[in-house]
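Participant: For the sequence shown, the working numbering gives the first residue as 461, with consecutive numbering after it. The beta carbon of each residue, even a glycine, is placed where N, CA and C say it ideally should be. Quick one: structure below, then a few questions.
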Amino acid sequence: MINILELLNNPQMNPEKYFEVMRDFRKGGLNPEMYPEFIETIKQLPRLGQRRTSDFHIFDKFNLIDISEDDFAVIMREMQRRGIQKSKKCWHPEASSTTCNINAEGNIIVSAAHSIQNNGVLSKIVESGHVMGYSLDKVPFDGKKLGKDHASIFWGFCNTHDSIFRPIEISPYTGSLEQHFLFAYRGFVVAVHKKIEVSNWINFGDQADNDIIENKKIFDKAILDKDYSVIETQVFELSAFYPIAVSSSFYLEFDFEGNPIEHSDDRIEAIFVTLLPTDNRTYFLLSYFLQDKKLYGNLGNQLRSRNNLKSDITVLLAAHVENIYFNPTYYNTFIKEQEDLLETVFLEAQLDEGLINVNGEITVNQSFTPPNYLNNPYRVNFFGY
Ligand SMILES: [Zn+2]
């Protein structure tokens, strides 16, 4: 079968987004003239889960051709660009055309917000204007040199509302409730904003949409009430400067002892993580909503009693976080040699499979994450000294 048609058999993909780019770039035999008929033909396929290879003969009339790896990379980049364009928005709870920064036409101007403090943290790890981040758009998983001013930006706030982060952008880290809240909030927005960008072509299902809405409600109310106690943060300290910065959010299926963490269906409870290098120490902030303490409170106790902080923080971040930045020399000295292992750790933790019911809908996301992965079986280590 022509490789682009295989996209149609993956319930976790939204193949039309790929096809639109191929149409516009005239790749794979797609072009604007035949496109409407091509889309109509897709609708004639039997439902997902009931398709046989022979059903795809209905596409023979189009003279489709396989996409090369190089072309696929071009298509991916364009899809990412379109995803970013489409998902620009101001996340602030008071965002509106009267309170946001707007242009002459009255449209909100979303600016490039930093997901990592620009002057406080990025400036500490930058080298010749660059930091290292992950490049996930190609295999194998490898580091990518990024301009400091482009690293870690996301299009998630207007200029006016981006100032909410001033207490962590301008003031030094003091560990106040407000700062911890803002670190957690930024980790949340960065992670879900990225998810929305890629949801243009990846189908995360209704649960993921719902989780974003429900978590946002809790943050929004706290911002409006200035009630920062909705977030609880456990602080861990490494007694050296490590030029690594992280801001992200995810949920855990298992704790450090391999016990399953049972989530509710209404809102899959998340943790928010920050890695914050200062002059002579590095802080790891583990945050969660106070109302989720019963699920995640014990994680901090486990981290303390295991007394294996470098390994534990590494595996937690390596398995779940893409928004991570390193000093380039540090990366080449300590991280580069672990690239293959890091890829394995990340992919194993993300591995799941959508199961399809008779209506062609995803019913269960069955996870294949190994319960013991937080024991760091591959011995990855971000902390080189
Ligand atoms: Zn705004």
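Pro788 by DSSP, collapsed to three states: which one?
Facilitator: Helix.
Participant: Just to confirm the assignment: which complete alpha helix (DSSP H) runs, minimum length 4, are found wholly within the stretch 585 to 650?
Facilitator: 619 to 622, 626 to 629
Participant: Please work out which residues of its chain come closer than 7 Å, Cβ to Cβ, to Asp739, disregarding the five sequence neighbours upstream and downstream, and give them in chain order.
Facilitator: Once the five neighbours on either side are set aside, the close Cβ partners of Asp739 are Phe701.
Participant: Does Phe828 pass the burial test, meaning 16 or more other C-beta atoms within 10 Å, or should it be called exposed?
Facilitator: A residue is called buried when at least 16 other Cβ atoms come within 10 angstroms of its Cβ; Phe828 does not meet this threshold and is exposed.
Participant: Check whether the stretch 746 to 764 and the stretch 782 to 801 are in contact - that is, three or more C-beta pairs closer than 8 Å.
Facilitator: no
Participant: In whole angstroms, give me the CA-to-CA distance for Pro632 and Asn578.
Facilitator: Cα to Cα, the separation comes out at about 13 Å.
Participant: Counting beta carbon pairs with one atom in the stretch 698 to 713 and one in the stretch 646 to 665, are three or more of them shorter than 8 Å?
Facilitator: Between the stretch 646 to 665 and the stretch 698 to 713, the count of Cβ pairs shorter than 8 Å is three or higher; the stretches touch.
Participant: At 3 residues or longer, what runs of the beta strand (DSSP E) sit wholly inside the stretch 695 to 725?
Facilitator: 704 to 710
Participant: Under a three-way DSSP split, which group does Met539 fall into?
Facilitator: Three-state DSSP puts Met539 in a helix.
Participant: Check each candidate in Ser699, Lys686, Leu736 and name the one with the smallest Cα separation from Gly635.
Facilitator: Leu736
Participant: I'd like to know whether the C-beta of Asn578 is nearer than 9 Å to at least one C-beta of chain C.
Facilitator: Among the chains of the structure shown, chain C does not appear; only one protein chain is present.
Participant: Is the Cβ-Cβ distance between Met846 and Asn663 less than 9 Å?
Facilitator: The structure shown does not extend to residue 846, since the chain is modelled only from 461 through 845, so no value can be given for it.
Participant: With burial defined as no fewer than 16 other Cβ atoms inside 10 Å of the residue's Cβ, what is the status of Ile630: buried or exposed?
Facilitator: exposed
Participant: Give me the residue from Gly488, Glu565, Val534 with the minimum Cα distance to Phe519.
Facilitator: Gly488
Participant: DSSP state of Glu692, grouped into three classes?
Facilitator: strand
Participant: Could you spell out where the beta strand (DSSP E) holding Ala573 opens and where it closes?
Facilitator: 570 to 574
Participant: Ile848 by DSSP, collapsed to three states: which one?
Facilitator: No answer is possible for residue 848: it lies beyond the span of the chain, which begins at 461 and ends at 845.
Participant: Cutting at 7 Å between CB atoms, please list the residues of its own chain near Asp715, excluding the five before and the five after it.
Facilitator: Ile721, Asn758, Leu759, Gln762
Participant: Can you tell me whether Leu505 is helix, strand or coil according to DSSP?
Facilitator: coil
Participant: Quick check: does the Cβ of Ile683 come within less than 8 Å of any heavy atom belonging to ligand 1?
Facilitator: no
Participant: Please state whether DSSP places Tyr495 in a helix, a strand or coil.
Facilitator: helix
Participant: What does DSSP give as the partner residue(s) for Tyr748 in the beta ladder?
Facilitator: For Tyr748, which the question treats as bridged, DSSP gives the partners Glu692.
Participant: Would you tell me roughly how many angstroms separate the C-alpha atoms of Arg542 and Val658, rounded to the nearest one?
Facilitator: 9 Å
Participant: At a cut-off of 8 Å, would you count Asn561 as near ligand 1, judging by its Cβ distance to the nearest heavy atom?
Facilitator: It does: the Cβ of Asn561 is within 8 Å (strictly closer) of some heavy atom of ligand 1.
Participant: Restricting to Cα atoms, I'd like to know which of Val781, Pro703, Ile568 is closest to Tyr743.
Facilitator: With distances taken between Cα atoms, Tyr743 lies closest to Pro703.
Participant: Within 8 Å: the Cβ of Ala555 and any heavy atom of ligand 1?
Facilitator: yes
Participant: Would you call Glu729 buried or exposed, if buried means 16 or more other Cβ atoms sit within 10 Å of its Cβ?
Facilitator: By the neighbour-count criterion, in which 16 or more other beta carbons inside 10 Å mark a residue as buried, Glu729 falls on the buried side.
Participant: Write down the C-beta distance between Lys605 and His590 rounded to the nearest angstrom, noting that I regard them as a contact closer than 8 Å.
Facilitator: 5 Å
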